[in-house]
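K.L.:
Under our numbering, residue 144 is the last one in the sequence shown; the count climbs by one each step, no gaps. Quick one: the structure is below, questions incoming.
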Amino acid sequence: MNTKPFFWRSTLNFNPSEIEFVATRVWVANRIVFMELTDGRQIGFPAARFNRLAHATDEQLADVTLRLGGSAMRWEALDEDITVTGAALGRFQAPLPLAA
């Protein structure tokens, strides 16, 4: 009987820096930014996780477009660009705000 622990990680060649996510659409609802990826997954994150988005009005926040073939989100009025890959991997500027 094999008693050696088995870890998937040890059998996969996984390097997060080689992953690139591309979005087909982006939208905002209730101050959550949602991205639909090319594989159909939908990922959302609170606007509060990025400094400029946290202080944006709802109108400014909703005015988001995809750029660079779907690899970046752009808020023109806020002069803010966020990569889809960074957001999908949870690379945020700010921690989650504490509940009041």
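Note that the Cβ used here is the ideal one computed from N, Cα and C, for glycine as well.
1. Under the assumption that glycine 88 contacts valine 77 (Cβ atoms under 8 Å), give the Cβ distance between them as a whole number of angstroms.
2. Skipping 5 residues on each side, what residues in its chain have a beta carbon closer than 7 Å to that of threonine 127?
3. Three-state secondary structure (DSSP) at aspartate 68?
4. Out of curiosity, what's the CA-to-CA distance linking aspartate 107 and leucine 133?
5. Kindly provide the ranges of any alpha helix (DSSP H) runs that are 4 or more residues long and lie completely inside the segment 69-140, ordered along the chain.
P.N.:
A quick look at the data gives this:
1. Confirmed, about 6 Å.
2. Apart from sequence neighbours up to five positions away, the residues of its chain that approach threonine 127 with a beta-carbon distance below 7 Å are Ser115 and Ala116, ordered along the chain.
3. With the sequence shown as reference, residue 68 is identified as threonine, and aspartate is not the correct amino acid for it. Secondary structure at threonine 68: strand, using DSSP grouped into helix, strand and coil.
4. Looking at the two C-alpha atoms, the distance is approximately 23 Å.
5. Taking only runs of at least 4 residues, the alpha helix (DSSP H) segments lying wholly in the segment 69-140 are 95-98, 102-106 and 128-132.
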